[in-house]
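Written out below as structure tokens is the structure these notes cover.
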Amino acid sequence: MVKEEKARILEVGGLTARFFKGELRSVRLGNSELLNRVYFALRDANWDTIEQRIENIEINTNANFFEVSFESLCQQREIDFRWNCRIVGKPDGIKFSIAGRAYGNFQTNRLGFCVLHPLSCKGRRLIVTHCDKSMTESRFPYYISAHQPFKNIKAMEWVIDDTSPYLSFSGDVFEMEDQRNWSDASFKTYCTPLEQPFPVEIRKGTEVHQEIELSVNGAVGKKPWNSDCEARLEVLDVSSPLPKVGLEANGELLDKCSVERLKSLKLSHLRVEARTHEENWRQMFEERMRQAERLKLPVELVVFIEEKNVSDFEFLGKRVNTSVTLKSILPIDVSSKSTSDVYIYRIRKYFEMFFPSVPVGGGTNCYFTELNRFGGPFSKADFVAFSLNPQVHSFDDEYLVETNQALPDMVESARHIAGDLPIHISPVTLKPRFNPDATEFISLEDEKRNRLDKRHTSVFNALWTLGCIKQLAESQVESVTFFQTLGEEGVTMPDRASEFVDYVTEANEVFPVFEILKIWGDFRGGKIVHTRSSSPLEFQGLILEKEGRKMAILANYTNELLPVEFAGSSYQVGPMSFMTFDC
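Numbered per numbering that gives the first Met the number 0, the sequence shown spans residues 0 to 582.
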């Protein structure tokens, strides 16, 4: 796990939990993780999570008891909501209570508790008690569930190792969603049900009271979880070919220095968008095509187009065929969140007129969620594509590192939809590029600012990307497109300062993620040897192989020096850094 200085370990009997920023994290009985997180959230009318300010924390502990009390303030624009919170732990369970009050009128899509169940619950037996006291016996989903697998939840009981946790809810109606749809490594039980209208207006003076109680058996005699285990990287007897890796073109001008740098990455392709449904799309398309031409890279053409726009097909055919090679075409249906087989069947005949033999894909420009809910079957497609980012629901470093653990499940579920078709992930970004579920207008300027994350230019993004590409490579995706070429969302800056005063970069600065992609390019056409980290939230490792050369990369996600055992030797990996060596 990423070490947080302010995290507090709470322990009673065999139960342990970490208290951090008003949340309970990694609730365990002995070595068994029962709950990944317990927290409460206020989300506005666009599903943006309002940041909380935690104050007046008091923690009392003894051998048989712990108690935490604190206040939480959610204040942003017209939103003003304040909580009084209390967490009580005993050897047989934990109770988390919240009491909130509105100090103004505002719109919200969600207000209250969320519980995250860890990936280890996948496929486990589950008994759900509903609000009418009826019961459903089932299992946590194996393949990613497109819609809520369980609704109208009052309590739930499941089996993990030698205990059966029992979790009860009060104060609202709860339901579960499969957060792997958005690359979160968890299942989430939350309130209020999505079938109820949203957003809702909260009036000044409105009060909210909720409580969650976790009860456990078998706690007597259990030893608390010991997190200080030896960090080891195990080499598995299996390997996979490396996926093709590219970047997304944008409107930046490529000077000679930028061209040389980007060529050194030995990329497989460049994503070029043609948004034919927008004004001035040809100008924006030309800017991106100029990057592809200067870099002499094959193009992953993403076309937002309607069948009636025959002249746009003709323009694209003439323009693209004059200067670049096409790697693939992904048509996007502007009237739907995911392309249908009928749409692909109707649209691909136009592409085949100008681009014969070029693979035409199906899928979505949005999250895997949209592919899972609206995509398929894909009998008319040559590949299936969707985009990826780790920050739909939570945003701290530890959470982002954790999301990579969900990627194998996401790819496996995509194959469940796509059959034997190749999987393309395009693009991968650190933050969402846009909000597909917004209910209020978002300006283009605000949308661009919302895409920026200061960590993009830091070593953290390089470490996160390393974990992401490892999981996708071992899952045998065919192609991955990361980030952009130049600028605040790119891998290096052009010869200019940042356009945003709170996003500090230097002209011509090379971001740390550049080095990760450069290593990948050096092994282009090779393979990845599968590995297993003993603690994937603390460190990750991978092995690349090509033409008799093997390189190991070890990444430390913590803020402390970390010794890692690998291949009979111990390596000291510096805080929040990575190291490479031939092996």
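Here a beta-carbon is modelled for each residue, glycine too, at the ideal position from N, C-alpha and C.
K150 and L72 have their C-alpha atoms roughly 29 Å apart. In this structure Y141 is exposed. Its beta-carbon is surrounded by fewer than 16 other beta-carbon atoms within 10 angstroms.
In this structure, the straight-line span from the alpha carbon of I97 to that of V207 is close to 8 Å. In the structure shown, K255 adopts helical secondary structure according to DSSP, grouped into three states. The three-state reading of DSSP puts K295 in coil, since its state is none of H, G, I, E or B.
E247 is positioned such that its CB atom lies closer than 8 Å to that of T480.
For the 8 Å CB-CB criterion, L269 and Q282 do not form a contact. Taking C-beta atoms as the reference points, E488 and R454 fail to come closer than 8 Å. Nearest to R179 by alpha-carbon distance, out of K526, K549, N403, D254, is N403.
For E439, the CB contacts under 7 Å within the same chain, skipping 5 residues up- and downstream, are A44, N45 in chain order. A Cβ-Cβ distance of about 7 Å is found for the pair L9 and T15, placing them in contact under the 8 Å criterion. Within the same chain, V359 come within 6 Å of R347 by CB-CB distance, once the 5 residues on both sides are set aside.
Taking 3 residues as the shortest admissible run, the region 59-127 contains the following complete beta strand (DSSP E) segments, listed from N- to C-terminal end: 64-75, 78-89, 92-101, 105-107, 109-117.
A Cβ-Cβ distance of about 6 Å is found for the pair A230 and E537, placing them in contact under the 8 Å criterion. Shown here for T205: same chain residues with a beta carbon closer than 8 Å to its own, the five before and five after excluded, namely R100, A101 in chain order.
One Cα belongs to S327, the other to S425, and the distance between them is close to 12 Å.
Out of E286, F377, P240, the CA that lies nearest to the CA of T363 is found in F377. By alpha-carbon distance to D47, the top candidate from Q470, L443, P435, A506 is P435.
Judged by DSSP in its simplified three-state form, F373 adopts helix. By the C-beta density criterion, L252 is exposed, having fewer than 16 other C-beta atoms within 10 angstroms. Within the DSSP secondary-structure output, W157 pairs in a beta bridge with L125.
Cβ atoms of N249 and L485 come within 8 Å of each other, at about 7 Å. As the crow flies, the alpha-carbon of I58 is around 14 Å from that of N83. About 12 Å separates the beta carbon of T191 from that of I152, a gap too long to meet the 8 Å contact definition.
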